[in-house]
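Written below as structure tokens is the structure these notes are about.
There are 2 protein chains.
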Amino acid sequence: MTEKETERKKETVGSLEWLNRYEEELRDMRHELHRYPELAMQEQRTSQYIVQKLKEFEIPCRMTGETGVIAGLTAGEDLPVFVVRAEMDALAIEEKTGLPFCSAYPGRMHACGHDANTAVLLCLAHVLSRNREKLRYNVRFIFEPAEETGEGAQFMLDHGALENPCPAGILIFHFANQETRAMEIQKSISTAAIGGLRVEIKGKASHFFQYEEGIDAMYAASRLVVAVREINDTFLGEHPFVLAFGCMQAGAGRNIVSDHAVLEGSLRTFSKKDFQGILAVLEKRIKEIEADTGAEIHLEVTGEIPPFVNDHALVEKGMPIGRKLFGDKCYLGEKPFLAADNAALYAEIVPGMRVVFLAGKEGEQAYPVHNPRFDIDEAVMLDAVKFLFAFLTKDGE
Amino acid sequence: MTEKETERKKETVGSLEWLNRYEEELRDMRHELHRYPELAMQEQRTSQYIVQKLKEFEIPCRMTGETGVIAGLTAGEDLPVFVVRAEMDALAIEEKTGLPFCSAYPGRMHACGHDANTAVLLCLAHVLSRNREKLRYNVRFIFEPAEETGEGAQFMLDHGALENPCPAGILIFHFANQETRAMEIQKSISTAAIGGLRVEIKGKASHFFQYEEGIDAMYAASRLVVAVREINDTFLGEHPFVLAFGCMQAGAGRNIVSDHAVLEGSLRTFSKKDFQGILAVLEKRIKEIEADTGAEIHLEVTGEIPPFVNDHALVEKGMPIGRKLFGDKCYLGEKPFLAADNAALYAEIVPGMRVVFLAGKEGEQAYPVHNPRFDIDEAVMLDAVKFLFAFLTKDGE
Numbered sequence: 000m001t002e003k004e005t006e007r008k009k010e011t012v013g014s015l016e017w018l019n020r021y022e023e024e025l026r027d028m029r030h031e032l033h034r035y036p037e038l039a040m041q042e043q044r045t046s047q048y049i050v051q052k053l054k055e056f057e058i059p060c061r062m063t064g065e066t067g068v069i070a071g072l073t074a075g076e077d078l079p080v081f082v083v084r085a086e087m088d089a090l091a092i093e094e095k096t097g098l099p100f101c102s103a104y105p106g107r108m109h110a111c112g113h114d115a116n117t118a119v120l121l122c123l124a125h126v127l128s129r130n131r132e133k134l135r136y137n138v139r140f141i142f143e144p145a146e147e148t149g150e151g152a153q154f155m156l157d158h159g160a161l162e163n164p165c166p167a168g169i170l171i172f173h174f175a176n177q178e179t180r181a182m183e184i185q186k187s188i189s190t191a192a193i194g195g196l197r198v199e200i201k202g203k204a205s206h207f208f209q210y211e212e213g214i215d216a217m218y219a220a221s222r223l224v225v226a227v228r229e230i231n232d233t234f235l236g237e238h239p240f241v242l243a244f245g246c247m248q249a250g251a252g253r254n255i256v257s258d259h260a261v262l263e264g265s266l267r268t269f270s271k272k273d274f275q276g277i278l279a280v281l282e283k284r285i286k287e288i289e290a291d292t293g294a295e296i297h298l299e300v301t302g303e304i305p306p307f308v309n310d311h312a313l314v315e316k317g318m319p320i321g322r323k324l325f326g327d328k329c330y331l332g333e334k335p336f337l338a339a340d341n342a343a344l345y346a347e348i349v350p351g352m353r354v355v356f357l358a359g360k361e362g363e364q365a366y367p368v369h370n371p372r373f374d375i376d377e378a379v380m381l382d383a384v385k386f387l388f389a390f391l392t393k394d395g396e
Numbered sequence: 000m001t002e003k004e005t006e007r008k009k010e011t012v013g014s015l016e017w018l019n020r021y022e023e024e025l026r027d028m029r030h031e032l033h034r035y036p037e038l039a040m041q042e043q044r045t046s047q048y049i050v051q052k053l054k055e056f057e058i059p060c061r062m063t064g065e066t067g068v069i070a071g072l073t074a075g076e077d078l079p080v081f082v083v084r085a086e087m088d089a090l091a092i093e094e095k096t097g098l099p100f101c102s103a104y105p106g107r108m109h110a111c112g113h114d115a116n117t118a119v120l121l122c123l124a125h126v127l128s129r130n131r132e133k134l135r136y137n138v139r140f141i142f143e144p145a146e147e148t149g150e151g152a153q154f155m156l157d158h159g160a161l162e163n164p165c166p167a168g169i170l171i172f173h174f175a176n177q178e179t180r181a182m183e184i185q186k187s188i189s190t191a192a193i194g195g196l197r198v199e200i201k202g203k204a205s206h207f208f209q210y211e212e213g214i215d216a217m218y219a220a221s222r223l224v225v226a227v228r229e230i231n232d233t234f235l236g237e238h239p240f241v242l243a244f245g246c247m248q249a250g251a252g253r254n255i256v257s258d259h260a261v262l263e264g265s266l267r268t269f270s271k272k273d274f275q276g277i278l279a280v281l282e283k284r285i286k287e288i289e290a291d292t293g294a295e296i297h298l299e300v301t302g303e304i305p306p307f308v309n310d311h312a313l314v315e316k317g318m319p320i321g322r323k324l325f326g327d328k329c330y331l332g333e334k335p336f337l338a339a340d341n342a343a344l345y346a347e348i349v350p351g352m353r354v355v356f357l358a359g360k361e362g363e364q365a366y367p368v369h370n371p372r373f374d375i376d377e378a379v380m381l382d383a384v385k386f387l388f389a390f391l392t393k394d395g396e
């Protein structure tokens with residue numbers, strides 16, 4: 000039998016095992032990407048690698064800015080477009096996995112699985128390009144930079160990622176490792192709304208021997224940190240939320256009233272209503288603290304991202320495919336994550352679905368994402384390719 | 000008349016105007032010292048200048064460590080020793096006075112008058128060396144490094160500054176500028192007890208989407224800052240005091256529970272009893288916050304300095320001399336300063352008196368000490384020399 004004939008044979012029995020032949024290529028691509036992690040908006044080497052691979056696969060693509068890549072696979076003029084997105088950026092973390100393909104760059108690491116995401120999307124593009132006749136959609140592949148900083152999705156949208164034509168939907172996916180080989184699709188809300196919070200507080204310096212002449216910016220900042228904890232304990236929202244500050248820099252010396260303080264934090268909610276409601280309470284408390292202390296407090300909400308809400312029809316379509324691949328290890332999730340993904344900006348424009356592939360390594364301790372020892376069971380990457388392949392082709396029907 | 004005869008003539012009329020001839024030398028020395036400010040324990044050039052001048056004046060001296068200098072003027076074997084101290088160190092401040100003799104070193108400035116103090120002490124040594132027959136004491140001159148960091152006095156004590164023999168007393172002085180030509184001696188307590196406070200707080204990091212897994216060190220730090228304000232408002236001490244933190248560094252990112260916070264501040268009181276009492280309350284509040292938050296809080300009290308209490312007999316002797324020189328502009332102060340001077344360590348061993356010379360410039364805005372525009376009316380330096388001269392000689396009787 001020719002290769003094509005073998006593939007068709009397997010297909011007829013409803014199996015996707017013929018895709019296993021791509022496993023080595025998939026692993027190799029992940030290793031290469033893992034070895035050269037690049038921070039947000041600096042993904043030059045990564046994007047060049049992607050472009051080179053797409054060229055090998057004979058899939059047309061274009062750069063967006065210096066590091067984003069959009070590729071398109073056309074199966075038929077009349078087919079709707081469907082988008083699959085992978086992130087490309089790494090984190091400023093010193094890798095401690097000890098993997099043979101571990102980061103070649105000190106202080107940088109793919110600790111959020113974006114290496115796997117990019118490898119999966121490249122592999123998917125390869126497989127689909129060789130099986131165009133099965134496609135139900137023309138597929139657009141978005142390789143997104145700067146997801147970690149919350150900039151990437153807007154950047155890609157600004158470069159027309161969802162235009163000409165507007166797609167029928169978008170799939171995004173994520174690797175986690177709290178459980179071995181499984182997958183999960185949230186029934187509705189998948190990730191949280193998030194806004195970065197930056198608070199600048201202006202006081203007035205004075206030597207401590209004239210303490211009362213000063214306005215203590217650090218004291219005002221501390222009052223705000225305490226107030227924020229109270230808001231967490233008392234605000235009655237629709238859903239759980241987290242309002243918190245992660246860092247403070249205040250003052251200049253041990254004997255001088257601090258004239259300046261900066262707080263940085265974030266607000267995570269599962270609905271825009273909660274987001275706005277909590278922000279309003281925060282602003283009220285800020286006004287009170289200003290009145291009490293005399294300090295000037297300026298709150299800036301940065302990089303606001305809405306919640307990612309899975310589209311009902313896409314979930315209806317995705318769950319049976321997941322069940323076929325993972326059996327009862329494909330979960331319909333009820334409890335969303337307080338993590339955020341800027342891909343929610345895409346899902347505000349077109350129907351979207353976020354899939355989580357659980358890829359804990361059998362018998363090994365799982366370190367969570369953003370940990371210097373984060374790793375996944377690479378075998379699940381192939382399951383991800385299979386799921387996405389099935390979702391986009393006749394094989395998923 | 001010979002010079003000696005002229006001096007005696009003026010002396011007989013109870014005037015110290017003959018000292019005016021030293022004014023130019025005094026200014027020149029201050030300008031030279033002001034031009035080359037050196038930070039604590041780095042006063043190499045300054046100490047070399049002092050040693051060179053003392054050599055010119057034929058006054059024996061010895062170095063203590065690399066930058067301290069102790070000189071001795073002997074007038075008679077049976078006379079008691081009296082000490083006068085001047086500080087030598089400058090501050091890490093970029094000078095903005097625009098003076099013709101302003102700092103030659105970027106980012107360093109004599110903004111606490113130690114240039115004037117050293118010049119006055121050198122001039123005093125010169126004058127006394129030429130008028131030994133008037134001396135009531137053998138005089139020891141202490142040129143102290145590192146006053147600003149609170150290290151200098153202990154350093155000089157470790158080098159035997161008050162030994163062989165133990166002196167009868169010590170005079171220290173300070174230039175301020177909130178008023179034109181005047182002086183002040185505090186009736187009893189002159190400067191505050193002070194202790195540096197360093198608080199290290201250990202929490203547990205966790206991404207905000209698992210906020211409850213973390214222990215928020217910054218929250219514990221903020222609670223402590225708020226608690227400290229309450230202690231200031233509620234503690235019933237013998238005297239006024241200031242307990243405050245001046246700076247905080249906490250956390251690593253806007254999305255991560257801070258696992259580490261550092262607070263630096265100080266406690267200033269006018270009595271050891273208040274100092275210990277307030278510290279005990281602070282420690283109690285720390286225990287409460289530890290119990291509430293789960294954070295580990297470590298308090299370190301550094302560089303503790305006692306209050307400088309003026310000796311009654313020295314004040315009784317000093318006030319009439321001050322009145323003779325400054326008239327009703329010589330004040331007997333009732334309200335001490337919450338500033339501290341590590342010279343209090345000397346005054347715990349021997350009777351001490353601290354004199355403040357007020358040297359605001361007529362018709363000019365006065366910028367306080369530690370301000371990049373701090374300056375003084377140099378004419379008052381000569382008044383300081385006169386006061387000290389009179390105090391140590393028959394002329395003060």
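The listed protein sequences derive, respectively, from chains B and G. Position 259 (the first sequence) corresponds to 258 in numbering that gives the first Met the number 0; numbering is contiguous. Position 378 (the second sequence) corresponds to 377 in numbering that gives the first Met the number 0; numbering is contiguous. We put the beta carbon where it would ideally sit given N, CA and C, even for glycine.
A294(B) sits in coil when the DSSP states are folded into three classes, being neither helix nor strand. In this structure L344(B) does not touch I375(B) by the C-beta definition: roughly 26 Å separates them, more than the 8 Å allowed. Residues of the segment 247 to 271 of chain G with a C-beta less than 9 Å from any C-beta of chain B: M247, Q248, A249, G250, A251, G252, R253, N254, I255, V256, S257, A260, L262, E263, G264, S265 and R267, listed in chain order. Against chain B, the CB of S221(G) has a partner CB under 7 Å away; the residue lies at that interface. Scanning the segment 170 to 257 of chain B for uninterrupted alpha helix (DSSP H) segments of 4 residues or longer gives 216 to 233, listed from N- to C-terminal end. Within chain B, the residues M217 have their CB atoms less than 7 Å from the CB of F244(G), given in chain order. In this structure the segment 347 to 360 of chain B lies against the segment 296 to 310 of chain B, because at least three pairs of beta carbons, one per stretch, are closer than 8 Å. Against chain B, the CB of V224(G) has a partner CB under 7 Å away; the residue lies at that interface. Using a Cβ-Cβ cut-off of 7 Å, F142(G) does not count as an interface residue toward chain B, since no Cβ of chain B sits closer than that to its own. Taking the Cα of H369(G) as reference, the smallest distance to any Cα among G71(G), L53(G), G106(G) and P99(G) is reached at G106(G). Closer than 7 Å to the CB of A118(G) there is not a single CB belonging to chain B.
Runs of the alpha helix (DSSP H) spanning 4 or more residues and lying entirely within the segment 23 to 64 of chain B occur at 43 to 55, in chain order. Interface with chain G (7 Å Cβ-Cβ cutoff): Y35(B) is excluded.
Buried is the label assigned to D258(B), since at least 16 other Cβ atoms lie within 10 Å of its Cβ. Counting the other Cβ atoms within 10 Å of the Cβ of C165(G) gives fewer than 16, which makes it exposed. Distance from the CA of L134(G) to the CA of E396(G), rounded to the nearest whole angstrom, comes to 11 Å. Its chain contains E37 and M87 as the residues whose beta carbon lies nearer than 6 Å to that of T45(G), once the 5 sequence neighbours on both sides are disregarded; these appear in chain order. For R353(G), not one C-beta of chain B is nearer than 7 Å to its own C-beta.
Per DSSP, reduced to three states, the secondary structure at M352(G) is strand. One Cα belongs to A249(B), the other to I200(B), and the distance between them is close to 9 Å. Going by beta carbons, I214(B) and R267(B) fall outside the 7 Å limit. Between L25(G) and L381(G) a beta carbon distance of about 6 Å is seen, short of the 8 Å cut, so the two are scored as contacting. In terms of CA proximity to S265(G), L281(G) leads the group L281(G), P79(G) and A378(G). When rounded, the separation of the alpha-carbon atoms in A118(G) and L127(G) is 14 Å.
Taking one beta carbon from each stretch, the segment 88 to 107 of chain G and the segment 138 to 152 of chain G have 3 or more pairs nearer than 8 Å; the two touch.
In the three-state reduction of the DSSP assignment, M155(G) falls in the helix class.
Contact of G195(B) with chain G is assigned, a C-beta pair being separated by under 7 Å. In the DSSP secondary-structure assignment, G332(B) is bridged to Q185(B). Chain G has no Cβ within less than 7 Å of the Cβ of V314(B). In this structure, the CA atom of V261(G) is about 27 Å from the CA atom of P367(B).
Between P79(B) and Y136(B), the C-beta spacing is below 7 Å. Chain-order list of chain G residues neighbouring H369(B): H206, by C-beta distance under 7 Å. The beta carbons of L18(G) and V384(G) sit about 6 Å from each other, so the pair counts as a contact at 8 Å. Classified as exposed, G159(B) has fewer than 16 neighbouring CB atoms from the shown chains inside 10 Å of its CB. For F386(G), the enclosing alpha helix (DSSP H) covers residues A378 to L391. No Cβ-Cβ contact shorter than 7 Å links L15(B) with V83(B).
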